[in-house]
Amino acid sequence: MSERSEQERSEGSDDTSRPVTAAARRERRGSARPASRRAAKRSEGASASGDSKGKPTPSRDRQEQQKKGNPFKRFGRFLREVVAELRKVIWPTRKQLVTYTAVVLVFVAFMVGLVAGLDVAFAQGVLWLFG
1 MSERSEQERS EGSDDTSRPV TAAARRERRG SARPASRRAA KRSEGASASG
51 DSKGKPTPSR DRQEQQKKGN PFKRFGRFLR EVVAELRKVI WPTRKQLVTY
101 TAVVLVFVAF MVGLVAGLDV AFAQGVLWLF G
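For the sequence shown, position 61 (counting from the first letter as 1) is numbered 61 according to full-length UniProt numbering, and the numbering increases by one without interruption.
Listed below in structure tokens is the structure:
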């Protein structure tokens with residue numbers, strides 16, 4: 001144990017039980033706060049400056065929404081952001097790419113065979129049933 005924790009324990013050894021919750025520890029230190037901020041707000045009611053309940057969200061001005069600036073600048077910014085995002089991508093190695101491609105091709109071939117087999121089976125069943 002550190003000297004500081006031993007000193008704190010010897011100073012606060014009035015009570016032999018150790019506080020379990022954070023609120024109890026704060027209370028023991030003398031800096032007790034309300035259990036939660038929500039509970040404190042509920043108890044004091046709506047504040048005068050922050051009484052925004054019941055009011056609709058203010059709408060934006062239509063002119064601000066339509067005014068977007070030079071389309072060439074916006075397109076240039078878009079391309080810069082695309083390049084920046086593509087730099088963050090972790091690209092697969094050649095071995096991973098070949099493996100993933102082979103897995104996809106095998107799965108697609110299996111599904112094509114399954115659907116073709118079911119199609120032939122159902123066609124034979126319909127011909128047998130209806131002649």
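Just so it is clear, CB atoms sit at the ideal spot from N, CA and C, and this is done for glycine as well.
Helix, strand or coil at residue i according to DSSP, with G and I counted as helix
i: PRO58; result: coil
i: ARG18; result: coil
i: GLY69; result: coil
i: GLY30; result: coil
i: THR99; result: helix
i: VAL106; result: helix
i: VAL89; result: coil
First and last residue of the uninterrupted alpha helix (DSSP H) at residue i
i: GLY131; result: That residue, GLY131, is in no alpha helix (DSSP H); it is neither H nor E in DSSP.
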